[in-house]
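Presented below is the structure to which this report refers.
Number of protein chains: 2
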Amino acid sequence: MTIAAAIAELSTLLGARLVTSQADRTLHGQNETYYPLTPPDAVAYPETTAEVSQIMAICHAQDCPVTPYGAASSLEGQHLAVQGGVSLDMTRMNRVLAVNAEDLNAVVQPGITRIALNEELRATGLFFPVDPGANASMGGMAGTRASGTTAVRYGTMRENVLALEAVMADGTVIRTGTKARKSSTGYDLTHLLVGSEGTLGIITELTLRLQGIPEATAAATCRFASVQDAVNCVILTIQSGLPMARIELLDHMMVRGFNLYADAGLPEMPHLFLEFHGSKAGVAEQMASFAEIAEDFGATGWRTATRAEDRNALWKMRHSAHYASAALGKGKRLWPTDVCVPISQLATAVVQAQDDAVRLGLTSTIVGHVGDGNFHAGVSVNPEDADEMARAEAFTKALADTALRLGGTVSGEHGIGLGKQSLMNKEHGPAVAYMRAIKQAFDSKGILNPGKMLPPLAMAKAAE
Amino acid sequence: MTIAAAIAELSTLLGARLVTSQADRTLHGQNETYYPLTPPDAVAYPETTAEVSQIMAICHAQDCPVTPYGAASSLEGQHLAVQGGVSLDMTRMNRVLAVNAEDLNAVVQPGITRIALNEELRATGLFFPVDPGANASMGGMAGTRASGTTAVRYGTMRENVLALEAVMADGTVIRTGTKARKSSTGYDLTHLLVGSEGTLGIITELTLRLQGIPEATAAATCRFASVQDAVNCVILTIQSGLPMARIELLDHMMVRGFNLYADAGLPEMPHLFLEFHGSKAGVAEQMASFAEIAEDFGATGWRTATRAEDRNALWKMRHSAHYASAALGKGKRLWPTDVCVPISQLATAVVQAQDDAVRLGLTSTIVGHVGDGNFHAGVSVNPEDADEMARAEAFTKALADTALRLGGTVSGEHGIGLGKQSLMNKEHGPAVAYMRAIKQAFDSKGILNPGKMLPPLAMAKAAE
C-alpha cells in the first residue's frame with residue numbers, strides 16, 4: 001500500500017490523464033501567496049463522477065492522499081498536496097449540467113469558474129452572485145465557504161449551495177439536499193461539506209441558487225477623512241437595513257496600491273466602493289439614503305457609475321486588490337489574511353490592524369467586505385527574510401486574537417488550510433474534538449486533503 | 001446502569017425540579033397530532049447550562065435516554081420520549097441573555113418562545129422573523145430547522161441561527177459559530193445541530209439574527225378560480241424577484257375550515273394571503289407589481305390590511321390553520337404532513353395531493369408557504385379507525401413520493417421525528433450511512449432522543 005502503487009493503478013485507469021511530469025507537478029504545487037512550492041506526486045484529471053469514485057476507491061485501498069484542485073486561487077494553501085499523493089484536478093469537470101430558470105437554480109460541475117458560469121447564464125437573465133474576486137472554481141468556493149463583495153446582499157456559499165453530489169473517501173457517491181429551497185429531513189450534510197476544504201469528500205456536482213439580474217444597477221465611490229468615519233458610515237448603513245449589494249472599504253494603503261498597480265489616481269484616503277441593485281426607483285432611493293448617511297460622516301469626492309463599462313472598470317480595479325497589495329512590496333510575496341467581526345466592532349478591529357502593522361514595521365493594506373464585518377490585510381513579505389516572516393506571522397496572530405476578543409472569527413472567507421490551524425482551538429475550543437470525530441468517521445484513513453484545517457494533535461496540545 | 005438509577009441521581013441533583021408525577025409525565029407525553037400518549041419516566045427542569053451538563057453526565061453514565069422538550073408543538077412527535085427516560089424540559093431556560101442591537105443579533109436561551117422573544121425585542125425596533133405559526137420555543141425551532149410564513153423573505157432557522165451553545169451526550173459543553181455574520185473556519189457544527197432534532201446535542205443557547213421592523217407593512221388577500229391559477233401566480237411572483245414577506249396558499253378545503261373554525265366568511269375558493277415589507281414607497285411598488293401579476297391569473301375579491309390590528313387578525317386566522325383543519329373532522333385528530341418542491345413543480349404537487357385525498361376518501365386541507373414551494377396537508381383521522389389511519393398513511397407516503405419525484409424533499413419544515421423515518425433512505429440514499437456515522441461519533445450510547453430521525457437498521461434494510 002503505497003503512493004507509487006496507487007499511481008500505477010490510476011495510470012491504468014486514466015491513461016494520459018494521470019500525469020507525473022515535472023511541469024504539471026510544479027504547476028499544481030504553486031500558490032498565490034507565501035507558501036513554498038509543494039508539488040504532488042501525480043496529477044489526475046477525472047472527467048466524470050464515476051471516475052472520481054474509481055480514483056478514490058484506488059487511493060483508499062492504497063492509503064494514497066488525494067487533494068482536490070480547482071483554480072488554485074485559495075489563499076491558505078488548501079490545494080497544496082502537503083503529504084504528497086495525487087492532486088485531483090477537477091478542471092475538466094467544468095460543465096453547466098442544467099439551468100432551471102423557473103426555479104432559479106443551476107446544476108454545475110465543480111471545475112467551472114465563477115466568470116465562466118456567469119457567461120453561460122447571461123442569456124437567461126439570471127446570475128450567480130457569490131464573487132470572491134478571484135476567478136475561482138465552484139468546487140473550491142464551496143470547499144472554502146467563499147464569499148466576497150456581494151455576500152452582504154446575497155450571502156456566501158453557505159446560503160447559495162442548495163445541494164451537492166460528493167465522492168467520499170472510499171469512493172461512495174452521495175447526494176445531499178434537493179432542488180427544493182429548504183428541507184427539514186436529516187442532518188445537513190450539504191453545509192457540513194461546504195467549508196470542509198476537501199477533507200470530508202470530493203464535491204462532484206453543485207446545485208446553486210441563482211438571482212435575477214437586477215433591473216437597475218449603480219455603483220459609486222466616495223472618500224472619508226479617517227477610516228473610523230468610513231467604517232462608522234458602513235455600520236449605520238447596515239443597521240439602517242439598506243440592502244447594499246456591495247460595500248467595500250479600502251484604507252489609504254490599499255488606495256496607494258491601486259494608484260501604483262492600476263494608475264487609479266485616487267487621493268490616498270480611506271474610500272468606500274459601493275453598488276446598489278433593485279428597480280430603477282429602488283436604486284435611486286437607496287443611493288439617496290446612503291448619501292444622506294455618508295454625508296453625516298463627511299464623505300466627499302463622490303463618483304458614480306451607472307453604465308456597465310464604468311461599473312466593470314471599478315470592480316475590475318477592486319478585484320485586483322491582491323496584485324495591487326503585492327505592488328506595494330516590490331519583488332515581495334503577499335501574505336494575505338482575513339478576519340470577520342460583529343459589525344459594531346469593525347472600526348476597533350480595523351484601527352487595531354493598522355496600528356499593529358505600523359508597530360511591527362510591516363507594509364499592509366486593508367480592504368474588505370465591511371458590510372459583513374469582514375476585512376483583509378495584505379502584508380508584503382520576503383519569504384527569505386526570517387525576521388520579516390516572523391513579524392508577518394505575529395501580525396496575523398494579533399489580528400486573529402483581535403477578532404476573537406471582539407466576538408468574531410479568525411477567517412471570514414479564506415479558511416484555515418495550512419496557515420491558521422494553530423487558531424482552531426482558540427476559536428472552537430472543545431468543539432474541535434467533534435470536528436475530529438466527524439473527520440475520523442468519514443475518512444478514517446485520513447486520505448482526503450490530509451494536513452489541512454484540523455491541527456495535528458501535538459499542535460492542539462501545545463496550544464492548550 | 002438503569003433509568004431508575006439515573007432518576008435517583010437526578011433527583012439528588014435537581015430536588016423538586018425532577019418530577020415523576022403522573023400528571024407531569026402525562027403532560028410531557030402529549031402531542032398535537034395523532035401519536036399516542038407517550039409519558040417519559042421523569043421530567044427534569046434544568047435552569048442553567050451547567051445543570052444540563054450535569055444531567056447529561058449522569059444519564060450518559062447510566063445509559064438513560066434524554067429527550068429535549070420545549071413547547072411541544074412539533075408535528076412529528078420529536079418531543080416524545082419513545083424509549084422512556086428523561087424528558088428534559090427547557091422551559092425554565094427562557095431568558096434573553098443579550099440584545100446586540102448594533103449587530104442585529106440576540107443571544108437567547110432555548111426555552112423562550114417566538115412570541116415572548118418578539119415581545120422583549122419590541123422596544124428595540126428589531127424582530128426575529130422566523131414564524132412557524134405555533135408559539136414554538138427557539139430550541140425546538142432550531143432542532144427541527146423550522147421555517148414558516150416569512151421564510152420566503154427572511155429564511156428559515158438555517159439562515160437565522162448564527163451560533164449555538166450545546167451540551168453533548170457526555171455532558172461536554174461546546175460553542176459553535178461566533179457573533180460575526182460569516183466564517184470559514186472549521187466544520188459547520190451550527191448547521192449540523194440545526195435540524196438534528198435533539199439527537200446530537202442539547203441546545204442551551206442560541207445567537208439569532210434579527211431584522212429591523214420594516215418602515216411599512218401591508219397585508220392583502222385575494223382569491224382565484226382554481227388552485228392552478230393561484231399557484232401559477234405565486235410561481236411568477238417569485239420568479240419576478242418580488243421580495244414577498246409572506247405568500248400563503250389556502251385551498252378551498254382550508255377556507256372551509258377557517259369558515260367553520262373562525263367564522264371567516266370567505267368564499268370557498270383558493271386564496272392567497274400576502275404580506276409586503278419595506279419603505280412606504282417600496283411596499284406600494286411591490287403591491288402594484290403583485291396585483292399586476294395576480295390579475296393576469298384572474299385574481300378577485302381583493303382585501304387589504306394596512307392597520308396593525310387588521311393584519312394581526314388576518315395572520316391570527318392563518319395561524320389557526322391546524323385547529324381549523326381539525327374542525328373539518330368533528331371529533332377527529334389531525335394528521336398533518338408537509339413537503340417542499342421546486343417552485344416550478346408546485347402546481348403539479350398541490351393538484352396531485354388534492355386528487356390523492358379524494359381518491360383515498362380523506363378530508364384534507366392544503367395550506368402552505370408556497371413562495372418556498374412548501375405546503376402542508378392536514379388529514380382528519382380517527383386513530384381508532386385502522387382503515388382510515390392506513391389511508392392517511394398511504395396519503396402521506398404518496399405525497400412524499402410526489403415530492404421526491406419532482407425533485408423535492410419529504411418535509412420542508414415538520415422534520416422526520418417518528419413519522420417519516422421510512423422515507424429517509426428514499427430521500428437520502430447512501431448519505432444516510434454518513435448521518436449514522438455522525439450520530440455514532442457524537443452519541444455512541446444512543447441516549448440523545450433515541451428512536452428519532454434515523455430509521456432503525458431493520459427498517460432501512462426493508463426499504464432497500
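Protein chains in written order, with the UniProt record's numbering: chain Z, 1 to 464; chain E, 1 to 464.
Think of the CB as a built atom: it goes at the ideal place given N, C-alpha and C, for glycine as much as any other residue.
Span of the beta strand (DSSP E) around residue i
i	result
Ile7/Z	Per DSSP, Ile7/Z belongs to no beta strand (DSSP E); it is in the alpha helix (DSSP H), 3-14.
Asn374/Z	374-381
Val351/E	First-last for Val351/E: 346-359, but that is the alpha helix (DSSP H), not the beta strand (DSSP E).
Ser183/E	It is not in any beta strand (DSSP E) - Ser183/E carries neither H nor E in the DSSP assignment.
His428/E	Looking at the DSSP string, His428/E is not in any beta strand (DSSP E); the run it does join, the alpha helix (DSSP H), is 424-428.
Ala305/E	300-305
Val107/Z	105-108
Leu208/E	202-209
Thr337/Z	333-340
Proximal residues of chain E, C-beta to C-beta of residue i below 9 Å
i	result
Cys340/Z	Thr178, Ala180, Arg181, Lys182, Ser183, Ser184
Pro430/Z	Met168, Thr172, Val173, Ile174, Arg175
Ala151/Z	Arg181, Lys182
Ala230/Z	The contacting residues do not exist; Ala230/Z stays about 17 Å from chain E at best.
Residue span of the alpha helix (DSSP H) that contains residue i, given as start and end
i	result
Ala308/E	308-319
Asn160/E	157-160
Ala437/E	431-442
His28/E	22-28
Thr190/E	189-193
Leu121/E	114-121
Gly368/E	That residue, Gly368/E, is in no alpha helix (DSSP H); its beta strand (DSSP E) goes 364-369.
Ala98/E	Counting along the chain, Ala98/E falls outside any alpha helix (DSSP H), though it belongs to the beta strand (DSSP E) covering 96-100.
Ile293/E	280-296
Chain-ordered neighbours of residue i on chain E, where CB pairs are closer than 7 Å
i	result
Gly241/Z	Gly212
Asp372/Z	Arg181, Lys182
Glu427/Z	Thr185
Arg145/Z	Ser184
Neighbouring residues, chain Z, relative to residue i (Cβ below 7 Å)
i	result
Ile438/E	Tyr187, Ile438, Ala441
Glu159/E	Glu159
Val410/E	Thr185
Met253/E	What Met253/E touches in chain Z: nothing, since even the nearest Cβ is about 23 Å away.
Gly301/E	By Cβ distance, chain Z contributes nothing, its closest Cβ being about 28 Å from Gly301/E, past 7 Å.
Met459/E	Within chain Z, no residue comes near Met459/E; the closest Cβ sits about 15 Å away, beyond 7 Å.
Neighbouring residues, chain Z, relative to residue i (Cβ below 8 Å)
i	result
His414/E	Ser184
Ser53/E	None at all; the shortest Cβ gap to chain Z is about 11 Å.
Thr217/E	Residues of chain Z passing the Cβ test: none, with the nearest at roughly 13 Å.
Gly279/E	Gly is not the amino acid found at residue 279/E; the sequence shown has Ser there. Those within 8 Å of Ser279/E in chain Z are Glu285.
Met389/E	In chain order: nothing, as chain Z lies at least about 23 Å away.
Met435/E	Gly186, Tyr187, Leu189
Chain-ordered neighbours of residue i on chain Z, where CB pairs are closer than 9 Å
i	result
Asp24/E	The premise fails here: Asp24/E is roughly 29 Å from chain Z at the closest Cβ pair, so nothing lies under 9 Å.
Ile343/E	Glu102, Asp103, Leu104, Ala180, Arg181
Ile138/E	One detail in the question is off: residue 138/E reads as Met in this sequence, not Ile. Under the 9 Å cutoff, chain Z gives no residues; its nearest Cβ is about 16 Å from Met138/E.
Glu407/E	It is worth fixing the name first, because residue 407/E is Gly in this sequence and not Glu. In chain order: Asn100, Asp103, Thr178, Lys179, Ala180.
Proximal chain E residues relative to residue i, where beta-carbon distance stays under 8 Å
i	result
Thr156/Z	Lys182
Tyr34/Z	Neighbours of Tyr34/Z on chain E: none; closest Cβ ~19 Å, over 8 Å.
Near the ligand NAP: residue i beta-carbon under 8 Å from a heavy atom
i	result
His271/E	Absent from the structure shown: the ligand NAP. Ligands present: none.
Point to revise | Uninterrupted alpha helix (DSSP H) stretches inside the segment 222-276 of chain E (no shorter than 4 residues) | key: Correct list: 227-239, 252-262.
Exercise for review: Taking only beta carbons into account, state which residues of the segment 192-213 of chain Z come closer than 8 Å to chain E, listed in chain order.
Suggested key: Close to chain E, meaning a Cβ-Cβ distance shorter than 8 Å, are the following residues of the segment 192-213 of chain Z: Leu192, Val194, Gly195, Ser196, Leu200, Gln211, Gly212.
Practice item. Select from the segment 349-365 of chain Z all residues with a C-beta closer than 7 Å to any C-beta belonging to chain E, and list them in chain order. Key: Answer in chain order: no residues at all.
Review point. Can you list the beta strand (DSSP E) stretches of 3 or more residues lying completely in the segment 30-75 of chain Z, in chain order?
Key: Fully enclosed beta strand (DSSP E) runs of 3 or longer: 42-44, 66-69.
**Study point:** Positions along the segment 53-70 of chain E whose CB lies within less than 8 Å of some CB in chain Z
**Key:** Cβ contacts with chain Z come from no residue of the segment 53-70 of chain E.
Review point. Touching or not, the segment 254-273 of chain E and the segment 223-235 of chain E, by the rule of three or more beta carbon pairs under 8 Å?
Key: The segment 254-273 of chain E vs the segment 223-235 of chain E: in contact.
Check your understanding: Using 8 Å as the threshold, is the segment 206-213 of chain Z in touch with the segment 138-148 of chain Z, meaning 3 or more CB pairs across them?
Key -> At 8 Å Cβ cutoff, the stretches touch.
**Study point:** At least three beta-carbon pairs within less than 8 Å, the segment 6-15 of chain E to the segment 50-65 of chain E
**Key:** At 8 Å Cβ cutoff, the stretches touch.
Point to revise | Inter-stretch contact (C-beta, 8 Å, three-pair minimum) for the segment 98-115 of chain Z and the segment 74-84 of chain Z | key: No, because fewer than three Cβ pairs between the segment 98-115 of chain Z and the segment 74-84 of chain Z fall closer than 8 Å, the two stretches do not touch.
Review point. Taking contact to mean at least 3 C-beta pairs separated by less than 8 Å, is the segment 148-156 of chain E in contact with the segment 369-379 of chain E?
Key: Flag = yes, the segment 148-156 of chain E and the segment 369-379 of chain E touch.
**Study point:** Stretch-stretch touch, CB-based, cutoff 8 Å, three pairs: the segment 256-265 of chain Z with the segment 323-339 of chain Z
**Key:** Yes, they touch.
Practice item. Flag this pair as touching only if the segment 294-303 of chain E and the segment 341-360 of chain E have three or more C-beta atom pairs under 8 Å; answer yes or no. Key: The segment 294-303 of chain E is not in contact with the segment 341-360 of chain E.
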